[in-house]
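J.: Here the protein sequences line up with chains F and H, keeping their order.
Position one of the first sequence corresponds to residue 4 (the numbering used here), numbered consecutively onward.
Position one of the second sequence corresponds to residue 4 (the numbering used here), numbered consecutively onward.
Note that beta-carbon positions come from the ideal geometry of N, C-alpha and C, so glycine has one too.
Number of protein chains: 2
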Amino acid sequence: MARFTHPRLEDVPLDLALHALADPNRLEMVARLAAAERLRCSDAAPCDAIPKSTLSNHLKLLRAAGLIETTQVGREMINMLRRSEFDSRFPGLLDAVLANRPA
Amino acid sequence: MARFTHPRLEDVPLDLALHALADPNRLEMVARLAAAERLRCSDAAPCDAIPKSTLSNHLKLLRAAGLIETTQVGREMINMLRRSEFDSRFPGLLDAVLANRPA
DNA sequence: TTTAATAGTTCGGGAATATTGAACCTTTGG
DNA sequence: CCAAAGGTTCAATATTCCCGAACTATTAAA
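Structure below.
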């Protein structure tokens, strides 16, 4: 019954977006999603040491920040970056953040 | 005896910088500093409703993120943005954030 | 030279957030 | 139908944040 709610980008405040990106784990997840189009939750994980519930919570935050969209496919939750929408809302922001991400 | 410690920009992680910017009050303060060169703490405040101790704490965070430099002059603490240093460390980041700041 | 005011910092405790183990829900394979 | 896979939700713990009260340092006034 897991249905997700996605905000309209115009309703996402800058602070929320920045806060979502201001975490090493979430940023890594965003980077993976930026490189991969669509990923299951477990594949979007920044590492395997992170608990499932924490991962789920991070994804929820990224959704609330308008960064990702999640849809259920079978028993998997497929995540994808809302890149063009996010870029329209905050021009240049995601590029700048990703470009400055540590190697 | 208030002497402040400023990090080398190379020691500032991206997450810390983003976290510092991911707060409406602090972002407003950064914007004011970006427009004014040098400001006393009370003049850098985002509004007058904010308690002194909270303000002081915000400034401490901005310092730790390498965003501002504080020096004591008489009984005032003068703050200025470390713009060029920050820009060298995180190219395009501050510009992108400031450009997307709400009106 | 006291005294008082200005400009902030620091400390401590309550409020708000984050993390995560355990229990749970759904879908699919056998 | 039963068990496993893939996640979510809940609740308890841990962490972080906010702000009043007390404090420090510098300057102005008396």
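Can you find a C-beta in chain H that's less than 8 Å from the C-beta of PRO105 (chain F)?
T.: It does; some Cβ of chain H falls within 8 Å.
J.: Based on DSSP bridge pairs, tell me the residues matched to VAL76 (chain F).
T.: Its beta-bridge partners are F:GLU79.
J.: Could you say if the stretch 86-100 of chain F and the stretch 87-101 of chain H meet the contact criterion of at least three C-beta pairs nearer than 8 Å?
T.: Counting Cβ pairs under 8 Å, three or more are found: they touch.
J.: Would you call the CB atoms of THR74 (chain H) and LEU62 (chain H) closer than 8 Å?
T.: No.
J.: Going by C-alpha distance, which of H:SER45, H:LEU17 and H:ARG104 is nearest GLU79 (chain H)?
T.: Out of H:SER45, H:LEU17 and H:ARG104, H:SER45 has the C-alpha closest to the C-alpha of GLU79 (chain H).
J.: Who are ARG92 (chain H)'s beta bridge partners in DSSP?
T.: According to DSSP, which records beta bridges pairwise, ARG92 (chain H) is partnered with nothing at all.
J.: Would PHE89 (chain H) and LEU70 (chain H) be called neighbours here (beta carbons separated by less than 8 Å)?
T.: The answer is yes: Cβ separation under 8 Å.
J.: So, does the stretch 14-33 of chain H touch the stretch 49-61 of chain H, judging by three or more C-beta pairs under 8 Å?
T.: Yes: at least three Cβ pairs fall under 8 Å.
J.: Out of curiosity, what's the CA-to-CA distance linking LEU17 (chain H) and ARG85 (chain H)?
T.: Going from the Cα of LEU17 (chain H) to the Cα of ARG85 (chain H) covers about 15 Å.
J.: Name the residues in the stretch 36-68 of chain H whose C-beta lies less than 7 Å from a C-beta of chain F; which are they?
T.: Of all residues in the stretch 36-68 of chain H, none has a Cβ within less than 7 Å of some Cβ in chain F.
J.: Determine the contact status of ARG104 (chain F) and ALA20 (chain F), defining contact as a CB-CB distance below 8 Å.
T.: No, Cβ-Cβ distance for ARG104 (chain F) and ALA20 (chain F) is not below 8 Å.
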